[in-house]
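Numbering (the UniProt record's numbering), first residue to last: 1 to 379.
Scroll down for the structure; my scribbles are underneath it.
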């Protein structure tokens, strides 16, 4: 982010339990702990509050926040407060004033992770746009942080309302410039898509850390960056994958999906994610070790629907089968034994990858038998 707000080693997590979240708040807390760890911090205390809805001014109840302030005073080694949710600029400002510490919401937490993970020019442009869109309405909140920084995206010439307006104008111009650059990238991608129109293309989608890059690495015999962390890769990679009988196809991985992806990030990455709908086959990769895999499948399906992905052939691939007990795997296979488009693999151990290639070849041949398709192999 253009305003870097360091996360402390020890953090407190605040989670609001509203009626619509009562069945999933535990999984949300678990995910926020993992995101905080990815960012470099550690949740040492989780505080929840049940409310019908967030307080419009403070998110949590003001009385509860005063209790939290007393707790923070008692344990000075605890730094940041992390909030499981999206804060308005007013809520964030009021919480920071009352708690006298930095308050980081879900969006800011994920934005910083994305910023560190972006490698390609396109991903960097998209993340920077999301950062500025997030920062603009919070500029007044960030003033103390801005005044201590030099060499950022804009320079402060002095305090005051006039300077604040000048900074807003600079950011708005940068946002406009970033949108233009992303639009240019979108046009280039459209031309690339035209050149691939007679090629069979496949996308790997899935929740973050499901193993998408590992699968593409193994199938393409390439060397992609993989790491057991959330959002280890943001950049879309397209590789040639041999599927047998002299046929090679194009396969791409994508940025990992996540529940409640920050709106600014979704908007910025939408042009990249929309490429999914132009592919012939979509692989939904699932981490079989995750007890919440059903809910995460629904998250992925929801994002695909929002992207306009309809009438596409989907295949559900359960990954990491080497990490679960054999009896659990057996029960899972029995549950989906009548469904042809459910497969079970271990990308890391290469278990059942031959079966997976055979499935891809079968689909490729089926598409080629239909009159409206005339796919060619890359070889």
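For each residue, glycine too, the CB sits at the ideal point set by N, CA and C.
Item                                                                                                               : Value
DSSP three-state assignment for residue 33, whether helix, strand or coil                                          : helix
Selection from 23, 288, 198, 189 that minimises the alpha carbon distance to residue 317                           : 288
Strand pairing of residue 249, partner residues [DSSP]                                                             : 241
Contact between the region 170-181 and the region 288-303 (3+ Cβ pairs under 8 angstroms)                          : no
Alpha carbon of residue 281 to alpha carbon of residue 366, nearest angstrom                                       : 12 angstroms
Bridge partners - residue 203, DSSP secondary structure assignment                                                 : 252, 282
Closest by C-alpha distance to residue 135, when choosing among 194, 112, 118, 123                                 : 112
Residues bridged to residue 48 [DSSP beta-bridge criterion]                                                        : 15
Proximal residues to residue 320 (C-beta, below 7 angstroms), its chain only, five neighbours per side dropped     : 211, 287, 288, 289, 346
For residue 313, the first and last residue of its enclosing alpha helix (DSSP H)                                  : That residue, residue 313, is in no alpha helix (DSSP H); its beta strand (DSSP E) goes 313-319.
Opposing strand residues paired with residue 342 [DSSP bridges]                                                    : 316
Opposing strand residues paired with residue 287 [DSSP bridges]                                                    : 319
Same chain only: Cβ atoms within 7 angstroms of residue 239, ignoring 5 sequence neighbours per side               : 216, 220, 222, 251
Reduced DSSP secondary structure (H/G/I, E/B, other) of residue 22                                                 : coil
Straight-line Cα distance separating residue 11 from residue 27                                                    : 18 angstroms
Coil, strand or helix - residue 84 by DSSP                                                                         : strand
Cβ neighbours of residue 45 in the same chain (closer than 6 angstroms, five flanking residues each side left out) : 12
Distance cut-off 6 angstroms: residue 355 Cβ against heavy atoms of the ligand SAH                                 : The ligand content of the structure shown is nil, which means the ligand SAH is not present either.
For residue 336, the three-state DSSP class (helix, strand or coil)                                                : coil
Distance between residue 285 and residue 150 (C-alpha atoms, nearest Å)                                            : The predicted position of residue 150 is uncertain, since its pLDDT is 41 and thus under 50; no value can be drawn from it.
Straight-line gap, residue 322 to residue 349 (C-alpha atoms, nearest Å)                                           : 7 angstroms
Option nearest residue 101 by Cα separation, candidates 110, 308, 83                                               : 83
Stretch-stretch touch, CB-based, cutoff 8 angstroms, three pairs: the region 33-41 with the region 60-70           : no
Nearest candidate by alpha-carbon position, reference residue 78, set 7, 123, 189                                  : 7
Through-space distance from residue 266 to residue 117, alpha-carbon basis                                         : 16 angstroms
C-alpha distance - residue 185 paired with residue 119, whole-angstrom precision                                   : 15 angstroms
Local conformation of residue 55 per DSSP, three classes                                                           : strand
Rounded Cβ spacing between residue 207 and residue 299 (contact assumed at less than 8 angstroms)                  : 6 angstroms
Beta carbon of residue 203 nearer than 7 angstroms to that of residue 276                                          : yes
Local Cβ density within 10 Å of residue 331, reported as buried at 16 or more and exposed below that               : exposed
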